[in-house]
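Protein sequence lines correspond, in order, to chains F and U.
Going by the numbering used here, 97 is the number at position 101 of the first sequence; the sequence numbering is gapless.
Position in the second sequence (from 1) plus 178 gives the number in the numbering used here.
All C-beta atoms, glycine included, are put in the ideal place defined by N, C-alpha and C.
All of these numbers come straight from a predicted model, not from anything done at the bench.
Notes for the one structure printed next.
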Amino acid sequence: MNISLKLNGKDISADVEPRTSLADFLRSPEHGCTSIHLGCEHGVCGACTILIDGRISRSCIALAVAADGCDVTTFEGLNDDELITQLKDSFHQNHGLQCGFCTPAMLISAREIINQNPDLDEASVRFAMSGNICRCTGYSGIVAAITEVAKNRK
Amino acid sequence: MKPPPFDYVRPDSLQAAVGALADLEWGGRLIAGGQSLVPMLNLRLAPLVRLVDVSRLEELRCLEETSDAVLFGACIRHAEFEDSEVPDATNGLMQQVAAGIAYRAIRNRGTIGGSVSLADPSADWITPLIALGARFNIVGQEGKRVCQAADMFTGPYTTNVGDHEILVSIEVPKLSAEAQTGYYKIVRKAGEFAMAMCTAIRDKQHGLCNVVLGCANRKQILLPNSSTYLADVGEWSDQVRADFRASYRKDMQQANRMEDLYELKLCETAVLQTVESALVNS
């Protein structure tokens, strides 16, 4: 099936099998969005989080055919995003990553959660980020990094 | 881990969507947000021949507010309730329920109609919609029909909607401004599927008083004794709590659900927390 969508600001079109997940489609060599990490492939770990029409979504449980006509942004497309830059710095400062597998999705999710709730504190960061799993269990650093950015933006 | 091959269509009208289901004897399935269905496809738990994508159909994105009800299209997403992008008919109850569904990334895609149609016994929307007395508008080859909340959910993963029918919209009667509501669920980890959940509504002006219990692997049930007790009870106290506990036990006895002591206790906690929050906080 033929689909057209906007990927990181560029119009693309492709022929995809209906069963192809959006994650596999975007990670393919042709599109190369390898910031999308596949952990569980059934919507539990959050490592494949991207933006569809500006909102965080899990690309492993979205079908590529269903993204036809959508505006898709992956971590590759957020290099110049101000909040992402602040979050990256804060993750660096607060030891917010160990192996880094969950990191792109952590940053994308944190970006929306901070944009959504101006009054985040540590407890609400923990609750809001509960859909992203860090198997290094480095949550203290991650939560501290996000909470710091949220507080500084107030 | 990938789904087996299937056919995918995105009809541009409701009629065409009904047709896309009807011309298959077996194996046609609707997809909206896909937040439960695609994981099941990935795990090869949901055999199907054709996916019919209804997420962009205008009829399923409808939104109509009248003086006594709000009509929500089946494909309105959880996040739209959470962010108050749709009118609130329930003094904040629907917003509270939506904000607790799974995680934000799921709420951005998942829809109220998809959740209702799948009828996972842990799904958040079911107990509040039963308690509110919602009406479900269903379309099939024979035309339109309306299903009342009490007849909609027939058991875990089974509803009144037939294999060749589509849930189009859900009409939620408005509560009065004085109505009290409570919703509480027991989950082991934030965003996980609930092990027990309960919705309580007391709207004296509209003569509505319902306590509805949901439990992980069971059909949702209205608790008649607890509902009757809630209707006229005064302020929250230790005595009221003890009386609710007794009426809850009576309800469970009548429903033949006394044998699993763990479940009995779990559901008791959900019910007591719910009625307390309805009486104390709202």
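Chain F has no Cβ within less than 8 Å of the Cβ of U:G385. U:F184 belongs to the set of residues whose beta carbon lies under 8 Å from a beta carbon in chain F. Listed along the chain, the chain U residues whose CB falls inside 8 Å of the CB of F:P14 are P183, F184, D185, Y186, L229. U:P217 reaches chain F at H38, G39, I57, counting residues in chain order whose Cβ is nearer than 7 Å. Among the residues of chain U, none has a CB under 9 Å from the CB of F:I142; the nearest is roughly 13 Å distant. Taking C-beta atoms under 8 Å as the contact rule, U:L229 and F:P100 fail to qualify, at a distance of about 29 Å. Not flagged as an interface residue toward chain F: U:G318, since no C-beta distance is shorter than 8 Å. Contact between F:T81 and F:C29 does not hold, since their C-beta atoms are separated by about 19 Å, which reaches or exceeds 8 Å.
Scanning its chain for C-beta atoms nearer than 6 Å, with the 5 sequence neighbours on each side dropped, one finds around U:S214 the residues L296, in chain order. Distance from the CA of U:F371 to the CA of U:S300, rounded to the nearest whole angstrom, comes to 6 Å. Between the beta-carbon of U:C387 and that of U:R380 there is about 5 Å, and that keeps the pair under the 8 Å contact cut. Rounded to whole angstroms, F:L18 and F:L1 show a C-alpha spacing of 11 Å. Taking 8 Å as the cut-off, the beta carbon of F:L83 is found no closer than this to the beta carbon of F:G134. Per the Cβ contact rule, the segment 196 to 212 of chain U is not in contact with the segment 121 to 132 of chain F (fewer than 3 Cβ pairs under 8 Å).
U:V187 and U:D231 do touch by the CB rule: their CB atoms are close to 7 Å apart, below 8 Å. With fewer than three CB-CB distances shorter than 8 Å, the segment 420 to 429 of chain U does not count as touching the segment 341 to 348 of chain U. Annotated three-state conformation of U:E237 is helix, per DSSP. The three-state reading of DSSP puts F:E13 in coil, since its state is none of H, G, I, E or B.
Listed as beta-bridge partners of U:Y361 by DSSP are U:T377.
Beta-bridge annotation (DSSP): U:E242 is paired with U:L249.
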